[in-house]
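Residue numbers (our numbering): 77 to 253. Each residue gets a CB set at the ideal place from its N, CA and C atoms; glycine is no exception. Structure record follows, encoded as structure tokens.
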């Protein structure tokens, strides 16, 4: 919560962090469902505030950070999942998660289009380039083609998304440094 508040201060949107909202976050740290809901509501509130105040570039950057962080968490779970578990147990968790990761190709493409439509600072161009590189990695997997040829099972492994995992980690590192 402290890091989010500091980021909100830097983006000049600290007003969305009302004391009551911060208290709700802190009291729900152990309740994942409530925490996910509160985070989602905070993101929507920040997005609305930024758009209402014609700060679309910052809104796009907040969304980009949220997208990359979610993708980072998902890819890291897959990458660090215990390999000594029985295959059926491992697959029960990993296959749905890999599916979610693979389904991010279109949202990533849309995000790139939004960022390209904005008047953005030159240093943001590096981020757009990195996102385009990530999109190329998705394209190289030929997900749609494999599904059409009934080879969908071949893409639902942790090995398939290693290049995506590596690139997402690189992008995230560049964002948070």
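Looking at residue j and residue i, is the spacing between their C-beta atoms short of 7 Å?
i, j, result
"residue 241", "residue 155", "yes"
"residue 194", "residue 142", "no"
"residue 144", "residue 237", "no"
"residue 192", "residue 147", "no"
"residue 239", "residue 213", "yes"
"residue 210", "residue 253", "no"
"residue 178", "residue 219", "yes"
In this structure, how does DSSP classify residue i when only helix, strand and coil are distinguished?
i, result
"residue 237", "coil"
"residue 220", "helix"
"residue 248", "helix"
"residue 145", "helix"
"residue 131", "coil"
Only counting the same chain, and skipping five residues up and downstream in sequence, which positions put a Cβ closer than 7 Å to that of residue i?
i, result
"residue 182", "none"
"residue 153", "173"
"residue 100", "114"
"residue 245", "148"
"residue 190", "136"
State the CB to CB distance for the pair residue i and residue j, rounded to an integer number of angstroms; the pair is presumed to be in contact (CB under 8 Å).
i, j, result
"residue 256", "residue 122", "An answer regarding residue 256 cannot be provided, because it is not within the stretch 77 to 253 covered by the chain."
"residue 206", "residue 250", "7 Å"
"residue 110", "residue 97", "The pair is not a contact, with the Cβ atoms about 13 Å apart (cut-off 8 Å)."
"residue 176", "residue 157", "Not quite, the Cβ-Cβ distance comes to about 14 Å (not below 8 Å), so this is no contact."
Excluding the 5 residues preceding and the 5 following residue i in the sequence, name in chain order all residues of the same chain whose CB lies nearer than 6 Å to its CB.
i, result
"residue 200", "none"
"residue 184", "211"
Taking only runs that begin and end inside the stretch 149-196, name each unbroken alpha helix (DSSP H) of 4 or more residues, in chain order. 163-178 and 181-193
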